[in-house]
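*Asks:* Following this message is one structure expressed as structure tokens.
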Amino acid sequence: MRRKLIDLKTQRTTLLEGAEALLKDGKREEYRAEMAKVAAMNDEIKDVEELVREQDRKFLEKAPDLAEERDKAEERGNALMKGDEVKFAPMEVAKALFAPRQTEKAVTLATGTLAQPTGAGTDIRDAMGYGVGAIIDQVYVQDLTGMAAYLEPYVISEPAANGAKVSTAAGTARTASADPTFGVAKIAPYELTTTSYVDRNISRLTPANYYAKVFGMAMRAMRRDTVGMIFNGDGQATNEMFGVKTAKNMAGSTIYASLDVDEVGPDLLTELMFSYGGDEELGGNCRLYLNKMDLLALGKLRGTNEKRRLFDIVPDAGNPNTGTIREGGTIIPYSISSKLTALSASTQGAAAIQTMVYGDPMNYELGLFGAYTVRVDESVKAVERMLTILGDAMVGGNLIVDKGFVVATLPKSSG
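Here it is, written out as structure tokens:
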């Protein structure tokens with residue numbers, strides 16, 4: 024069924040490219056005919072997507088077979104100890120990267136579900152400060168295995184209705200409405216490489232626990248690097264993987280909205296909230312993503328007369344990376360990310376500086392284009408008695424809703 028979905032989306036991509044060419048040539052009637060075919064195909068794609076999504080949901084929620092998991096861990100652990108590659112299918116990666124915390128904990132060393140080693144500790148403590156931004160758990164994720172690229176159409180503007188009195192309109196030609204405008208967001212594969220280091224003493228663990236630790240570190244490395252690209256893109260002059268702050272459509276137009284700001288002040292959150300969406304809506308599922316220094320700056324803001332804090336910051340008990348900012352009756356969910364530039368620590372210069380972002384994370388699509396390959400190398404840091412965990416994956420992403428995020432931007436200096 025996934026193969027059929029890929030074929031349908033490939034056909035839709037061909038139709039969209041043809042429609043775009045017709046629109047550029049001014050052939051509006053032919054363009055509308057092609058877009059009608061796209062609309063009909065969208066209905067079929069939606070039905071197949073719902074079926075695939077349900078299949079994926081059942082896979083993600085399926086209770087693990089402990090005996091099968093133990094055997095697989097032993098097999099993969101032995102392969103990693105020999106320096107061989109281990110491949111993780113996209114759905115395995117999705118389950119590890121995006122599954123709820125209770126599912127994720129099922130593969131850690133401390134659960135007792137895997138064979139316990141003899142003469143070695145079952146847990147290797149991770150350092151503080153190496154958490155992962157929550158946005159990776161909140162964006163829209165798709166398995167795009169087998170595709171060279173994926174085009175996601177979206178609406179930029181809708182046609183306006185024209186009205187008139189019956190007596191005025193009778194016997195006259197219909198007044199033409201402006202054509203709707205569409206954009207196409209391209210999601211193309213980008214090679215993501217991850218590198219982690221761990222003390223070689225983990226070799227004393229059983230193969231199952233050795234695999235569990237390597238697997239956990241490789242997935243955290245992928246999560247951490249992917250979070251940075253979700254916000255900032257792949258860092259190239261011409262992005263292959265677009266981030267929230269670099270998102271562009273195939274015509275080269277930005278998909279995000281910008282809001283000029285000059286400081287972390289009392290009105291900043293209100294301005295961000297009202298800059299999102301159209302004239303008749305506010306964001307229902309929006310979150311604020313910001314650097315920890317900016318969250319601190321918001322927490323320090325005080326009133327002029329009573330000197331009380333303007334904002335109450337309430338971290339989530341279960342996840343210290345997220346929480347809510349409260350101001351009177353307004354509640355804004357937030358997530359911390361070190362991958363975002365702190366507005367409070369920035370000064371105007373020759374170039375504008377993009378800082379915090381506000382929007383609905385489901386407006387960003389993250390695509391997995393194949394298996395995640397992991398292997399352990401003993402030679403890279405042998406002198407330092409460290410093992411190197413190397414990972415390779417193909418990922419892609421882009422915004423898929425026009426103005427799906429607002430980027431707070433410190434303008435360049437006027438001089």
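Residue numbers for the sequence shown follow the working numbering, so the first one is 24 and each next one is one higher.
Don't be surprised by glycine CBs; every beta carbon is placed ideally from N, CA and C.
Owing to the predicted nature of the structure, the values given are computational and were not obtained by experimental measurement.
Return helix, strand or coil for E52, following the three-state DSSP convention.
*Replies:* For this step, residue 52 is matched to residue 29 along the sequence shown. Three-state result, E52: helix.
*Asks:* Ordered along the chain, which non-local residues of its own chain (more than five positions away) have a Cβ less than 8 Å from that of G351?
*Replies:* As a position in the sequence shown, residue 351 is number 328, starting the count at 1. If we look at G351 and ignore the five residues flanking it on each side, it has no Cβ neighbours.
*Asks:* Please state the DSSP three-state secondary structure of Y220.
*Replies:* Taking the sequence shown and counting its residues from 1, the one referred to as residue 220 is at position 197. Three-state DSSP puts Y220 in a strand.
*Asks:* Quick check: the Cα distance between L313 and K236, rounded to an integer number of angstroms?
*Replies:* In the sequence shown, the residue the question calls residue 313 occupies position 290. In the sequence shown, the residue the question calls residue 236 occupies position 213. Whole-angstrom Cα-Cα distance: 30 Å.
*Asks:* With G41 and M245 assumed to form a contact (beta carbons below 8 Å), what rounded beta-carbon distance in angstroms separates them?
*Replies:* Position 18 of the sequence shown holds residue 41. Position 222 of the sequence shown holds residue 245. Going by Cβ atoms, the distance from G41 to M245 rounds to 36 Å, so no, they are not a contact pair.
*Asks:* So G414 is in the alpha helix (DSSP H); what residue range does that whole segment cover?
*Replies:* The count along the sequence shown starts at 1 and reaches residue 414 at position 391. Run containing G414: none in the alpha helix (DSSP H); it sits in the beta strand (DSSP E), 409–422.
*Asks:* Please confirm whether S298 and A270 have their CB atoms less than 9 Å apart.
*Replies:* Taking the first residue of the sequence shown as position 1, residue 298 is located at position 275. Taking the first residue of the sequence shown as position 1, residue 270 is located at position 247. Not a contact, by the Cβ cut-off of 9 Å.
*Asks:* Report all residues from its chain with a CB closer than 7 Å to the CB of M58; omit the five preceding and five following residues, and keep chain order.
*Replies:* The residue labelled residue 58 in the question sits at position 35 within the sequence shown. Answer for M58: A42, listed in chain order.
*Asks:* Looking at the structure shown, is F334 part of a helix, part of a strand, or coil, going by DSSP?
*Replies:* The residue labelled residue 334 in the question sits at position 311 within the sequence shown. Coil, per DSSP.
*Asks:* Taking the DSSP output, what are the residues bridged to R325?
*Replies:* Counted from its first residue, the sequence shown places residue 325 at position 302. Paired residue(s): R332.
*Asks:* Output needed for F428: all residues of its chain with C-beta closer than 6 Å, excluding positions within five of it in sequence on either side, in chain order.
*Replies:* Along the sequence shown, read from residue 1 onward, the residue named residue 428 stands at position 405. Here the set comprises V267, Y279, V380, G382.
*Asks:* For P384, which residues in the same chain have their Cβ closer than 7 Å to its Cβ, ignoring the five residues on either side in sequence?
*Replies:* Within the sequence shown, residue 384 is the residue found at index 361, counting from 1. Taken in chain order, the residues that qualify are I158, Q161, V162, R310.
*Asks:* Excluding the five sequence neighbours on either side, which residues of its own chain have a C-beta within less than 8 Å of the C-beta of M417, listed in chain order?
*Replies:* On the sequence shown, position 394 is the one that residue 417 refers to. The answer, listed in chain order, is P212, Y213, E214, L215, L391, F392, G393.
*Asks:* Relative to the C-alpha of N65, which candidate in K426, E175, P343 has its C-alpha closest?
*Replies:* The residue you call residue 65 lines up with position 42 of the sequence shown. Comparing Cα positions, the closest option is E175.
*Asks:* Straight-line CA distance for A122 to V164?
*Replies:* Numbered from its first residue, the sequence shown carries residue 122 at position 99. Numbered from its first residue, the sequence shown carries residue 164 at position 141. Note that A122 scores 46 on pLDDT, short of 50, meaning its location in the model is unreliable and no value can be drawn from it.
*Asks:* With DSSP as the reference, label F392 as helix, strand or coil.
*Replies:* As a working note, residue 392 is residue 369 in the sequence shown. If DSSP states are grouped into helix, strand and coil, F392 belongs with coil.
*Asks:* Could you check the C-alpha separation between F254 and L38 for me, to the nearest Å?
*Replies:* As a first step, residue 254 is located in the sequence shown; it is residue number 231 there, counting from the start. As a first step, residue 38 is located in the sequence shown; it is residue number 15 there, counting from the start. Cα-Cα distance, rounded: 30 Å.
*Asks:* Of all the options R223, L410, I412, G251, which has the alpha carbon lying nearest to the alpha carbon of T364?
*Replies:* Stepping through the sequence shown from its first residue, residue 364 is reached at position 341. Comparing Cα positions, the closest option is G251.
*Asks:* Nearest CA to the CA of D339: which residue from I359, L45, R332?
*Replies:* By 1-based counting over the sequence shown, the position of residue 339 is 316. Checking every option, the nearest Cα to that of D339 belongs to I359.
*Asks:* Do T378 and A431 have their C-beta atoms closer together than 9 Å?
*Replies:* Here residue 378 refers to the residue found at position 355 when the sequence shown is read from its first residue. Here residue 431 refers to the residue found at position 408 when the sequence shown is read from its first residue. Against a cut-off of 9 Å, the Cβ pair of A431 and T378 comes out as a contact.
*Asks:* Tell me whether A368 is buried or exposed, calling it buried when 16 or more other Cβ atoms sit within 10 Å of its Cβ.
*Replies:* Taking the sequence shown and counting its residues from 1, the one referred to as residue 368 is at position 345. Counting Cβ neighbours within 10 Å, A368 comes out exposed, since fewer than 16 surround it.
*Asks:* Give me whichever residues DSSP pairs with T347 in a beta bridge.
*Replies:* Counting from 1 along the sequence shown, the entry for residue 347 is found at position 324. DSSP lists V337, P356 as partners of T347.
*Asks:* Return the chain-ordered list of same chain residues with a C-beta closer than 8 Å to the C-beta of L324, the five sequence neighbours on each side being excluded.
*Replies:* The residue labelled residue 324 in the question sits at position 301 within the sequence shown. Closer than 8 Å at the Cβ level, and outside the excluded window around L324, lie V287, G288, P289, R332, L333, F334.
*Asks:* Since V71 and L103 are thought to touch, with beta carbons under 8 Å apart, how far apart are those beta carbons, to the nearest angstrom?
*Replies:* The residue you call residue 71 lines up with position 48 of the sequence shown. The residue you call residue 103 lines up with position 80 of the sequence shown. Wrong, their Cβ atoms sit about 37 Å apart, outside the cutoff.
*Asks:* Starting from L291 and walking both ways along the alpha helix (DSSP H), at which residues does that stretch end?
*Replies:* As a position in the sequence shown, residue 291 is number 268, starting the count at 1. It spans 291–298 - the alpha helix (DSSP H) in which L291 sits, taken as one unbroken run.
*Asks:* Mind checking L167: buried by the 16 CB within 10 Å criterion, or exposed?
*Replies:* Looking up residue 167 in the sequence shown gives position 144. By the neighbour-count rule (16 or more Cβ atoms within 10 Å), L167 is buried.
*Asks:* In the structure shown, what three-state DSSP assignment does F265 receive?
*Replies:* Translated into the one-based positions of the sequence shown, residue 265 becomes position 242. Here F265 sits in coil by DSSP.
*Asks:* Does the distance from the C-beta atom of N272 to that of V207 stay below 9 Å?
*Replies:* By one-based count along the sequence shown, residue 272 stands at place 249. By one-based count along the sequence shown, residue 207 stands at place 184. It is a contact, given that the beta carbons lie within the stated cut-off.
*Asks:* Can you list, in chain order, the residues of its chain whose CB lies under 7 Å from that of L45, leaving out five sequence neighbours each side?
*Replies:* Taking the sequence shown and counting its residues from 1, one reaches residue 45 at position 22. For L45, where only same-chain residues beyond five positions count, the Cβ hits under 7 Å are E53, Y54, E57.
*Asks:* State the Cα-Cα distance for the pair L422 and E388, rounded to the nearest angstrom.
*Replies:* The residue labelled residue 422 in the question sits at position 399 within the sequence shown. The residue labelled residue 388 in the question sits at position 365 within the sequence shown. If you take the alpha carbons of L422 and E388, they lie about 6 Å apart.
*Asks:* Relative to the C-alpha of T277, which residue among K27, R99, Y395, V424 is closest?
*Replies:* Mapped onto the sequence shown, residue 277 falls at position 254. Looking at the Cα atoms, V424 is the closest of the given residues.
*Asks:* Residues in its own chain within less than 7 Å of K60 by CB, not counting five upstream and five downstream?
*Replies:* The residue given as residue 60 occupies position 37 in the sequence shown. Hits under 7 Å: L38.
*Asks:* So, is L305 buried or exposed, given that buried needs 16 or more other C-beta atoms within 10 angstroms?
*Replies:* For the purposes of this step, residue 305 is identified with residue 282 of the sequence shown, where counting begins at 1. Exposed: under 16 other Cβ atoms inside 10 Å.
*Asks:* With DSSP collapsed to three states, give me the class of T33.
*Replies:* Within the sequence shown, numbered from 1, the residue matching residue 33 stands at position 10. The answer is helix: DSSP assigns T33 an H, G or I state.
*Asks:* According to DSSP, is L45 helix, strand or coil?
*Replies:* Taking the first residue of the sequence shown as 1, we reach residue 45 at position 22. Residue state, collapsed to three classes: helix.
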